[in-house]
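Q:
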Amino acid sequence: MPDVFADLVGQGEAVETLRRAAAAAAAVLRAPAAGPVPDPADDELDALVEEADAGAAPGPAGDPGAGMTHAWIFTGPPGSGRSVAARAFAAALQCAYGTGCGECPGCHTTMAGTHADVRLVVPEGLSIGVGEMRALVLRAASTPSGGRWQVVIIEDADRLTEAAGNALLKAVEEPPPRTVFLLCAPSTHPDDISVTIRSRCRVVPLRQPPAEAVAEVLVRRDGIAPDVAAWAAAAAQGHVGRARRLARDPEARGRREAVLAVPRRLTGVGAAFDAASALIEAAEAEAEASVAEADAAERAALETALGAGGTGRGAAGALRGAAGQLKDLEKRQKSRATRAQRDALDRALVDLAGFYRDALTKALGAPVAPVHTDTAAVAEAGARKWDAEGALRRLEAVLACRAAIEANVKPRIAVEAMMLALWKG
Ligand SMILES: [Zn+2]
18 MPDVFADLVG QGEAVETLRR AAAAAAAVLR APAAGPVPDP ADDELDALVE
68 EADAGAAPGP AGDPGAGMTH AWIFTGPPGS GRSVAARAFA AALQCAYGTG
118 CGECPGCHTT MAGTHADVRL VVPEGLSIGV GEMRALVLRA ASTPSGGRWQ
168 VVIIEDADRL TEAAGNALLK AVEEPPPRTV FLLCAPSTHP DDISVTIRSR
218 CRVVPLRQPP AEAVAEVLVR RDGIAPDVAA WAAAAAQGHV GRARRLARDP
268 EARGRREAVL AVPRRLTGVG AAFDAASALI EAAEAEAEAS VAEADAAERA
318 ALETALGAGG TGRGAAGALR GAAGQLKDLE KRQKSRATRA QRDALDRALV
368 DLAGFYRDAL TKALGAPVAP VHTDTAAVAE AGARKWDAEG ALRRLEAVLA
418 CRAAIEANVK PRIAVEAMML ALWKG
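In this note's numbering, each residue carries its 1-based index in the sequence shown increased by 17.
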């Protein structure tokens, strides 16, 4: 049975850090004589935190730098496994052996998402609000029911609103003795995570895993044929989840092929606008499909809870309150749909950037494998036609489009500008 860190692809250094920290955390729990008073453990933990904060370099087990702290940030590019790492570490903290053995109930329930002392926050909309964060911080302060740690995992901590960030900061500054916060963010840049929160956290940087490592896990864990795994891993550019979808989901493959057909189709202004529309509409359709089921289920659940269709006395009053709740739900769902659209569009742009990167490396004669092996010939033709400079300008146009959308430019406008730039070169 592989341990909880087995799926952290190509992240040897980070795994080493987390293993040492889990061992240190287990030592903290073992330290006091078995008694109900946890204070000695807290003191020891605080001492470890202080030593770690003092900037001790990671060292062998027993080194203070290897110790445990109350707040962590997992950083890395999308798909590098930030949330996988956070969850694995949470399992190791809850593991009966303190190792993340993968077999004990603590490991099992954490990995399955059912451990009572592990809370996972996944923002569904564009940001995590202050109300959600306050409730979370409050619950996280309670004594762990399993006697080990209260663990809070915040995926996409870069989507915290400022007020939510402040609520979190207070908890991180004065952490309850048995509470551990695990934040996931693209980087420690102040745009992603506030400087004050960053200063309270230990950072675990994850790197973009090499394609071979991604392919290996697809074969071992998901039973995907080696040749398909190798192709998908390269095409997904180090994004493990995306690689698995490409290997398994024919629709995902079809969407990718449509995106990669764009460069050949840009034959004029009209074609550029058509391509922009097609890209936007494909992202909308993909997003709609991904949220439709959850939307319907939530609405049905809320209507049931509100007793929709009731005719008794008081039903009218209940309905007036219900209208407000339905409105709230619709607002949340709209926000989630917008996020899903942006994510779908961003995936398409990453694929497109991969194509122009292939053209650029070809034009430069760089000895690197293409991202998209199936469009390598088209990229090569592009390289001959555009030269390195033209390929670079086009790659930059795609990256500029991503940046513009991230900065809240209306997607259609950003994509149209990009398509025109790709056509004109
Ligand atoms: Zn275990």
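Heads up, the beta-carbon is just placed ideally off N, CA and C, and yes, glycines get one too. Please read all numbers here as calculations on a predicted model, not as lab measurements.
1) Three-state secondary structure (DSSP) at Val385?
2) Less than 9 Å between the C-beta atoms of Ala228 and Ala247, yes or no?
3) CB-CB under 6 Å to Glu347, same chain, minus the five flanking residues each way: which ones, in chain order?
4) At which residue ranges does the stretch 149-178 contain complete beta strand (DSSP E) runs of 3 or more residues, listed in the order of the chain?
5) Indicate whether Ser211 and Leu186 have their beta-carbon atoms separated by less than 9 Å.
6) Are the beta-carbon atoms belonging to Leu223 and Val168 less than 9 Å from one another?
7) Using a 10 Å radius around the Cβ and a threshold of 16 neighbouring Cβ atoms, would you call Glu67 buried or exposed?
8) For Lys379, count the other beta carbons within 10 Å of its own beta carbon; 16 or more makes it buried, fewer makes it exposed. Which is it?
9) Can you give the Cα-Cα distance for Val4 and Met128, rounded to whole angstroms?
10) Does ligand 1 have even one heavy atom less than 8 Å from the beta-carbon of Thr126?
11) Whole angstroms is fine: what's the gap from Ala398's alpha carbon to Ala300's?
12) What's the gap between the Cα of Pro243 and the Cα of Leu35?
13) Whole angstroms is fine: what's the gap from Leu25's alpha carbon to Gly98's?
14) Taking its Cβ as the centre, do 16 or more other Cβ atoms sit within 10 Å of Leu235, making it buried, or is it exposed?
15) Could you give the DSSP three-state label for Val21: helix, strand or coil?
16) Return yes when the Cβ of Leu412 is within less than 9 Å of the Cβ of Leu366, no when it is not.
17) Distance check for Glu406 and Asp375, CA to CA, integer angstroms please.
18) Please name the residue, chosen from Ala42, Gly130, Thr284, Leu283, that lies closest to Val197 on a Cα-to-Cα basis.
19) Where does Val245 fall in DSSP's three states?
20) Hey, out of Ala278, Thr116, Cys112, whose CA is closest to Ala394's CA?
21) Between which two residues does the alpha helix (DSSP H) harbouring Leu215 extend?
22) Please determine whether the Cβ atom of Thr116 lies at a distance below 8 Å from any heavy atom of ligand 3.
23) With 16 as the cutoff for other CB atoms within 10 Å, does Pro140 come out buried or exposed?
24) When you compare the CB positions of Ala400 and Phe372, do they come within less than 9 Å of one another, or not?
25) Locate the alpha helix (DSSP H) running through Arg224, then write down its first and last residues.
26) Helix, strand or coil, according to DSSP, for Cys201 in the structure here?
27) Taking all protein chains shown into account, decide if Arg156 is buried (16 or more other Cβ within 10 angstroms of its Cβ) or exposed.
28) Kindly examine ligand 1 and report whether one of its heavy atoms sits closer than 8 Å to the Cβ of Gly164.
29) If contact is defined by three or more beta carbon pairs under 8 Å, each pair taking one atom from either stretch, is the stretch 350-363 in contact with the stretch 302-309?
30) For Thr178, which of Val286, Thr392, Arg151, Pro193 has the nearest alpha-carbon?
31) When you compare only the Cα positions, how much space is there between Glu303 and Asp312?
A: In this structure, then:
1) coil
2) yes
3) none
4) 167-171
5) yes
6) no
7) Any reading at Glu67 is ruled out, since the residue's pLDDT is 46, under 50, leaving its predicted position unreliable.
8) buried
9) Any answer about residue 4 is impossible in this case: the structure gives the chain only from 18 up to 442.
10) no
11) 28 Å
12) 30 Å
13) 7 Å
14) buried
15) coil
16) no
17) 13 Å
18) Ala42
19) helix
20) Ala278
21) The sequence given here places Arg at residue 215; Leu does not occur at that position. That run of the alpha helix (DSSP H) goes 212-217.
22) With respect to ligand 3, the structure offers nothing, as its ligand set consists of ligand 1.
23) buried
24) no
25) No alpha helix (DSSP H) holds Arg224; DSSP gives it neither H nor E.
26) strand
27) exposed
28) no
29) yes
30) Arg151
31) 14 Å
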